[in-house]
Amino acid sequence: MSVLSLCWIGLALLSLATVGFGSAGSGALMAGGVLVAALGKAWLIVDRFMELHRAPRFWRGLLLAWPLAMAAAIGLTLALR
Amino acid sequence: MSTSPEAAVRPLPGDLAMWFFILAELAVFGLLILAFAVTRLLHPALFAEGQAALDGSTGLALTLSLLTGGWLAALAVQRVRDDRPRRAAVLLLAALASAVVYVVLKLGEYAHLTRLGLDIEHDTFFTLYWILTGFHFLHVLLGMAILAFLALRCGQRAYGPGRCSGLESGVLYWHMVDLVWVLLFPLVYVLR
Chain A
109 MSVLSLCWIG LALLSLATVG FGSAGSGALM AGGVLVAALG KAWLIVDRFM
159 ELHRAPRFWR GLLLAWPLAM AAAIGLTLAL R
Chain B
48 MSTSPEAAVR PLPGDLAMWF FILAELAVFG LLILAFAVTR LLHPALFAEG
98 QAALDGSTGL ALTLSLLTGG WLAALAVQRV RDDRPRRAAV LLLAALASAV
148 VYVVLKLGEY AHLTRLGLDI EHDTFFTLYW ILTGFHFLHV LLGMAILAFL
198 ALRCGQRAYG PGRCSGLESG VLYWHMVDLV WVLLFPLVYV LR
């Protein structure tokens, strides 16, 4: 099985995990699980689908920084409630 | 220390202009996502009520249809590099079909919410919901047009090994749409 197909399976499993965490409650642990799953999916897309895993570090860093910044901001707003 | 070619840094796939375009798009979506998250912080009860009207299983199906399209499009790029453009055309058409599933589901959700009176003017949650998901939906439609064009060009054998930068750029656009959605999905449908 190709790396891309393994990534697709990983993305599907992480999506299912996202819903699982979400339906398990609204606590900090569940929210953390949802955001970590989203970051895992973003990493697979950036590194494998967009093929940045061996690209220049600057561009890979930029593309990986976006989901990290979004997840951090979302997590911060949840923590401040 | 590894000196194998596999470990070497490779140039960016696609055109450099596409990468700048992707960065600009991510910046715009980033602002919208921040607006949604901060407004939820200010109106938690309103947002909890609004999110309760959304179906998480529909959100999951939307996610899987987009990600499947991305996977098929990524496979298409590999097929072109293997000098199998006709096979790539089939994969791109399959990606397009997966995107059609997303469009049908999303339009169904929009119709359902409209019937319930939960339109863009209903309250702050739905104003942001419609702006955020509607803007993303427009990007999906543009991505579908790009996938259709790329499938046509692959069918005409316009791309091949060493001459597929245009294909890579078009497929990168679709992956950007996927990347945005993997943050939108938990934000809008899951996190409460």
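Protein chains in written order, with the working numbering: chain A, 109 to 189; chain B, 48 to 239.
We put the beta carbon where it would ideally sit given N, CA and C, even for glycine.
Under 8 Å between C-beta atoms of residue 230 of chain B and residue 80 of chain B: Locating residue 230 of chain B in the second sequence gives position 183, where the first residue counts as 1. Locating residue 80 of chain B in the second sequence gives position 33, where the first residue counts as 1. It is a contact, given that the beta carbons lie within the stated cut-off.
Neighbour list for residue 142 of chain A in chain B, Cβ cutoff strictly below 8 Å: On the first sequence, residue 142 of chain A is found 34 positions in, with the first residue counted as 1. Those within 8 Å of residue 142 of chain A in chain B are 233, 237, 238.
Of the residues B/155, B/176, B/227, the one placed nearest residue 86 of chain B, counting alpha carbons only: As a working mapping, residue 86 of chain B is identified with position 39 in the second sequence. Taking only the C-alpha atoms, the option nearest residue 86 of chain B is B/176.
Residue(s) in a DSSP beta bridge with residue 131 of chain B: The sequence position of residue 131 of chain B within the second sequence is 84, counting from 1. Bridge partners of residue 131 of chain B: none, in fact.
For residue 219 of chain B, the nearest candidate out of B/61, B/55, B/56 (CA to CA): Taking the second sequence and counting its residues from 1, one reaches residue 219 of chain B at position 172. Ranking the options by Cα distance to residue 219 of chain B, first place goes to B/61.
Proximal residues to residue 122 of chain A (C-beta, below 6 Å), its chain only, five neighbours per side dropped: As a first step, residue 122 of chain A is located in the first sequence; it is residue number 14 there, counting from the start. The answer, listed in chain order, is 145, 148, 149.
Whole-number beta carbon distance between residue 137 of chain A and residue 179 of chain A, since they are thought to touch under 8 Å: As a first step, residue 179 of chain A must be located in the first sequence, where it is residue number 71. As a first step, residue 137 of chain A must be located in the first sequence, where it is residue number 29. Actually they are not in contact, since the Cβ atoms of residue 179 of chain A and residue 137 of chain A sit about 15 Å apart, beyond 8 Å.
Beta carbon of residue 170 of chain B nearer than 8 Å to that of residue 73 of chain B: Along the second sequence, one-based indexing puts residue 170 of chain B at 123. Along the second sequence, one-based indexing puts residue 73 of chain B at 26. Going by C-beta atoms, residue 170 of chain B is not nearer than 8 Å to residue 73 of chain B.
Integer Cβ distance of residue 127 of chain B from residue 206 of chain B, believed to fall under 8 Å: In the second sequence, the residue the question calls residue 127 of chain B occupies position 80. In the second sequence, the residue the question calls residue 206 of chain B occupies position 159. Confirmed, about 5 Å.
Residue 87 of chain B - containing alpha helix (DSSP H), residue span: Start at 1 with the first residue of the second sequence, and residue 87 of chain B comes out as number 40. Run containing residue 87 of chain B: 63-89, per the alpha helix (DSSP H) assignment.
Amino acids of chain B, ordered along the chain, whose beta-carbon sits closer than 7 Å to that of residue 125 of chain A: Locating residue 125 of chain A in the first sequence gives position 17, counting from the first residue. The premise fails here: residue 125 of chain A is roughly 11 Å from chain B at the closest Cβ pair, so nothing lies under 7 Å.
Beta bridge counterpart(s) of residue 210 of chain B as assigned by DSSP: Taking the first residue of the second sequence as position 1, residue 210 of chain B is located at position 163. Residue 210 of chain B pairs with B/207.
Through-space distance from residue 147 of chain B to residue 181 of chain A, alpha-carbon basis: Your numbering for residue 181 of chain A matches position 73 in the first sequence. Your numbering for residue 147 of chain B matches position 100 in the second sequence. Computed Cα separation, rounded: 32 Å.
From B/88, B/58, B/130, B/121, residue whose alpha carbon lies closest to that of residue 208 of chain B: Residue mapping note: residue 208 of chain B aligns to position 161 of the second sequence, counting from 1. Comparing alpha-carbon positions, the option among B/88, B/58, B/130, B/121 lying closest to residue 208 of chain B turns out to be B/130.
Assigned exposure category for residue 97 of chain B - 16 Cβ within 10 Å defines buried: Here residue 97 of chain B is taken as the residue at index 50 of the second sequence, counted from 1. Buried, since its Cβ has 16 or more Cβ neighbours within 10 Å.
Residue-chain proximity (residue 130 of chain A, chain B), Cβ-Cβ < 8 Å: Against the first sequence, residue 130 of chain A aligns to sequence position 22. Taking Cβ atoms only, chain B reaches closer than 8 Å to residue 130 of chain A, which makes this a yes.
Reduced DSSP secondary structure (H/G/I, E/B, other) of residue 110 of chain A: Taking the first sequence and counting its residues from 1, the one referred to as residue 110 of chain A is at position 2. If DSSP states are grouped into helix, strand and coil, residue 110 of chain A belongs with coil.
Span separating the alpha-carbon of residue 221 of chain B from that of residue 163 of chain A: By one-based count along the second sequence, residue 221 of chain B stands at place 174. By one-based count along the first sequence, residue 163 of chain A stands at place 55. Between residue 221 of chain B and residue 163 of chain A, the alpha-carbon positions lie close to 19 Å from each other.
Environment of residue 159 of chain A [buried if 16+ CB atoms lie within 10 Å]: Counting from 1 along the first sequence, the entry for residue 159 of chain A is found at position 51. Looking at its Cβ environment, which holds 16 or more other Cβ atoms inside 10 Å, residue 159 of chain A is buried.
Chain-ordered chain A contacts of residue 121 of chain B [CB-CB under 7 Å]: Along the second sequence, read from residue 1 onward, the residue named residue 121 of chain B stands at position 74. Correct list: 112, 157.
Closer than 8 Å to chain A by CB, residue 222 of chain B: Numbered from its first residue, the second sequence carries residue 222 of chain B at position 175. Output row for residue 222 of chain B: interface = yes.
Cβ pair residue 154 of chain B, residue 100 of chain B closer than 8 Å: For the purposes of this step, residue 154 of chain B is identified with residue 107 of the second sequence, where counting begins at 1. For the purposes of this step, residue 100 of chain B is identified with residue 53 of the second sequence, where counting begins at 1. No.
Cα-Cα separation, residue 171 of chain A to residue 152 of chain A: Taking the first sequence and counting its residues from 1, the one referred to as residue 171 of chain A is at position 63. Taking the first sequence and counting its residues from 1, the one referred to as residue 152 of chain A is at position 44. If you take the alpha carbons of residue 171 of chain A and residue 152 of chain A, they lie about 12 Å apart.
Proximal residues, the stretch 120-142 of chain B versus chain E, C-beta separation under 9 Å: Any reference to chain E falls outside this structure, whose protein chains are A and B.
Closest by C-alpha distance to residue 195 of chain B, when choosing among B/58, B/144, B/111, B/76: Stepping through the second sequence from its first residue, residue 195 of chain B is reached at position 148. Of the candidates B/58, B/144, B/111, B/76, the one whose C-alpha sits nearest the C-alpha of residue 195 of chain B is B/144.
Identity of the residue in A/114, A/110, A/120, A/132 nearest residue 14 of chain B by Cα: This structure leaves residue 14 of chain B out entirely; chain B is present only between 48 and 239.
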